[in-house]
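> These protein sequences, in sequence, are chains A and B.
Counting from -17, one number per residue, gives the positions in the first sequence under the working numbering.
Counting from 6, one number per residue, gives the positions in the second sequence under the working numbering.
My questions will all concern the structure given below.
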Amino acid sequence: MNIEDIRSLFPALSDKVYGQNLVYFDNAATSQRPKAVIDKWLYLVQHANANIHRGLHYLADQATDEYESTRDYVKDFIGASHREEIVFTSGTTNSINLVASSFGEAFVNEGDEIIVTQAEHHSDIVPWQLLCQNKGARLKVLGVDENGHLEVDQLETLLSPKTKLFCMTQISNVLGLVNPVSEAARICHSHGVKILVDGAQGLVHQGIDVKKSDVDFYAFSGHKIYAATGTGVLYGKKELLDAMPPFMGGGEMIDHVSFEKTTFAKSPEKFEAGTQNFNSVPTLKPALDFARMVAQDEEVIEAQHEICDYLFDKLTSNPRVRIFGVPHGTEKTIPLFSFAVEGVHHEDLALLLDKMGIASRSGQMCAEPLMNRFGVTGMLRISLAVYNTMQEAEYFMKCLDRAIGMLL
Amino acid sequence: MKSLEEAKAEVTDTFSMFDQWLDKYEYLIDLGKNLQAYPLDKKTDDRLINGCQSRVWLDYQVKDGRIWFTADSDAIITKGIISLLISVYSGRTPEEIASDDFSFIDQIGLKENLSPTRANGLVSMIATIRGVAAENLKKK
């Protein structure tokens, strides 16, 4: 599929900002939505709007079918074994909090340990801190080296008989490097430790096969992979989800309720308390369809590669620019670059780029410990998607030079 | 010294000459670069203005019933904005500042067109300057 055809699927991309063509380089924060996703959402709101799992009428059947068939769809997309392993949440943060609460309740006791990596964003740090505070457990950290690579060789020494869970990101939202998920899972399992992988950035660039990589939990957000906001997924191995207590109470997550004793539904309903986001969850189908299509398209893969190489070469050839997350020679890269420019504040750069039509991200990017690791108060980040073009990349480099020139 | 109304009018006039956003920024960058040096020992947490993506410090002295501000920031555009604010409000009495509505900021179009985080920063800067005035009114 050529780039113009891809771009034509995304209405937002033809917008103008301050009279300039929009250059949307903030895809790691959220992606734009293709028309198929927008149409799906509109259809559901207009023609299949009824609360799921409870009504005995036509619309309720429609809505329930759309919602539940999405579960099968997601199951196949990530390679899960059972539909019961797919829990719908509001997003990655919600998915991780669910595990922290329910896995924590079932399996984490005083003196136990949870390990996170230095590259996690706050959503994969703070829930574990809260859990550790509640349970009197200990939070340990696996570091990243100067180039931003996880020190996976240190993982084995961090694991102890007290370790219950290792939490890592598939791709850091700051560093953009692809972490060795399967290897980490193998190491953890050889010590009887479970592993949770944050796929918020990973799924759209790398995909996942949860069976092959053998992760115990996998969390992602729909809105970063072209679906509507407020759609999220938690994958969990069936035996783990079965052994975990509910996260929240209410709605259809019960079996029987009485004032003396309430029994609960099985997973996934057990974890889906209250009215679900039934107008939006089914947008995951056209969104993942699109993601699958572009992931298999040689022309798209090649174009992405070229843009990635171009940006990396240009950025690293500027002596003022320091990139965080530097890939090894042959390492697979994704089009996400965070960097600092010597003598220039990231916020100033983002403001000037904005006025040139470029949406970038500046600041701590919800990863303050990682900022501290590299001794900076913030960074500038550009993150591209399959609909971004080489012309946009070239325009960005020109604008970056101009902005730096204005600020120095 | 110009009156507060004259100082505000001068800023509004200057900004009305810019029809491009980047020109406004170029001007703010110049203001930032030319702001009087701020002493290192005054870069303390209690002088930091909360709510900005970059760090902004504001300090002041009261002489003969007038408030004199000094400020700094690690980002140059923010430094330009705080420079603009203190060029207008420095040397005023607490009464003058407290009774001003700061609406000239809206007239020069800074508040709406700066990014939301920055707009919050601007709001925080104004709130801090107002806070200083209110505090000194109470002391009287």
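The C-beta atom is built at its ideal place from N, Cα and C for all residues, glycine as well.
Keep in mind the model is a prediction, meaning the values are calculated, not measured.
Flag this pair as yes or no: are the beta carbons of S428(A) and L318(A) separated by less than 7 angstroms?
This structure leaves residue 428(A) out entirely; chain A is present only between -17 and 390.
> Look at the Cβ atom of H378(A), then the Cβ atom of I340(A), and state whether they are nearer than 7 angstroms.
Note that residue 378(A) is Phe in the sequence shown, not His. Taking 7 angstroms as the Cβ cut-off, F378(A) and I340(A) qualify as a contacting pair.
> Does R302(A) pass the burial test, meaning 16 or more other C-beta atoms within 10 Å, or should it be called exposed?
exposed
> Assign Q278(A) to one of two classes, buried (16 or more other C-beta atoms within 10 Å of its C-beta) or exposed (fewer than that).
exposed
> Starting from the Cα of M388(A), find the closest Cα among K17(A), V326(A), L4(A), G357(A) and give me that residue.
V326(A)
> Could you check what DSSP says for Q183(A) in three-state terms: helix, strand or coil?
coil
> Report all residues from its chain with a CB closer than 8 angstroms to the CB of G(-17)(A); omit the five preceding and five following residues, and keep chain order.
The sequence shown places Met at residue -17(A), rather than the Gly named in the question. M275, V276, D279, E281, V282.
> If you run the structure through DSSP and keep just helix, strand and coil, what is G189(A)?
coil
> Here's the rule: buried if 16 or more other CB atoms are within 10 angstroms of the residue's CB, otherwise exposed. What is A322(A)?
buried
> Can you find a CB in chain A that lies within less than 7 angstroms of the CB of S59(B)?
Closer than 7 angstroms to some Cβ of chain A, the Cβ of S59(B) qualifies, so yes.
> At 8 angstroms on the CB atoms, spell out the chain A contacts of W26(B), in chain order.
Going along chain A in sequence order, the residues near W26(B) (Cβ under 8 angstroms) are Y0, K337.
> Can you pull the chain A residues whose beta carbon is under 8 angstroms from the beta carbon of Y30(B), in chain order?
The contacting residues are L333, L334, K337, M388.
> Residues in its own chain within less than 6 angstroms of Q112(B) by CB, not counting five upstream and five downstream?
Excluding positions up to five away in sequence, the list reads T17.
> At which residue ranges does the segment 120 to 173 of chain A contain complete alpha helix (DSSP H) runs of 4 or more residues, listed in the order of the chain?
When DSSP assignments are scanned along the segment 120 to 173 of chain A, the uninterrupted stretches of alpha helix (DSSP H) that are 4 or more residues long and fall wholly within it turn out to be 137 to 140, 163 to 172.
> Only counting the same chain, and skipping five residues up and downstream in sequence, which positions put a Cβ closer than 6 angstroms to that of H104(A)?
C348
> In the DSSP assignment, what residue or residues form a beta bridge with L63(B)?
A76(B)
> Does D111(B) come out as helix, strand or coil in the three-state DSSP assignment?
Helix at D111(B).
> At the 7 angstroms Cβ level, is D330(A) part of the contact set with chain B, yes or no?
yes
> Along the segment 66 to 89 of chain B, where does the CB come closer than 8 angstroms to a CB of chain A? Name the residues.
D79, A80, I81, I82, T83
> Per DSSP, R363(A) is paired with what?
S320(A), R343(A)
> Going by CA-CA distance only, name the one from F23(B), Y30(B), D24(B) that's closest to K84(B).
Y30(B)
> Apply the 10 Å Cβ neighbour rule to Q41(B) and answer buried if 16 or more other Cβ atoms are within range, or exposed otherwise.
exposed
> Which same chain residues, not among the five before or five after K314(A), have their C-beta less than 8 angstroms away from its C-beta?
Counting only Cβ-Cβ distances below 8 angstroms, and skipping sequence neighbours, we find V160.
> According to DSSP, is N141(B) part of a helix, a strand, or is it coil?
helix
> Residue range of the beta strand (DSSP E) that G307(A) falls in?
Run containing G307(A): none; DSSP gives neither H nor E here.
> Would you call the segment 180 to 188 of chain A in contact with the segment 18 to 35 of chain A, where contact means no fewer than 3 C-beta pairs closer than 8 angstroms?
no
> If I'm right that K267(A) touches T52(A) with Cβ under 8 angstroms, what's the distance once you round it to whole angstroms?
6 angstroms
> Quick check: is the beta carbon of G345(A) nearer than 7 angstroms to any beta carbon in chain B?
G345(A) counts as touching chain B.
> Is the CB-CB distance between S83(A) and F229(A) below 7 angstroms?
yes
> When burial is assigned at 16 or more other CB atoms within 10 Å of the CB, is H39(A) buried or exposed?
exposed
> Taking only beta-carbon atoms, is H406(A) less than 7 angstroms away from chain B?
In this structure chain A extends from -17 to 390, so residue 406(A) is not present and cannot be described.
> Could you have a look at I34(B) and say whether DSSP puts it in helix, strand or coil?
helix
> Applying a beta-carbon distance threshold of less than 7 angstroms, which residues of chain A neighbour I34(B)?
M388, L389
> Which residue from T98(B), D105(B), A103(B), A80(B) puts its Cα closest to that of I386(A)?
A80(B)
> Tell me the rounded alpha-carbon separation between I289(A) and Y369(A).
The alpha-carbon atoms of I289(A) and Y369(A) are separated by roughly 11 angstroms.
> Leaving out five residues before and five after L(-9)(A) in sequence, what residues of the same chain have Cβ atoms less than 6 angstroms from its Cβ?
P16, K17
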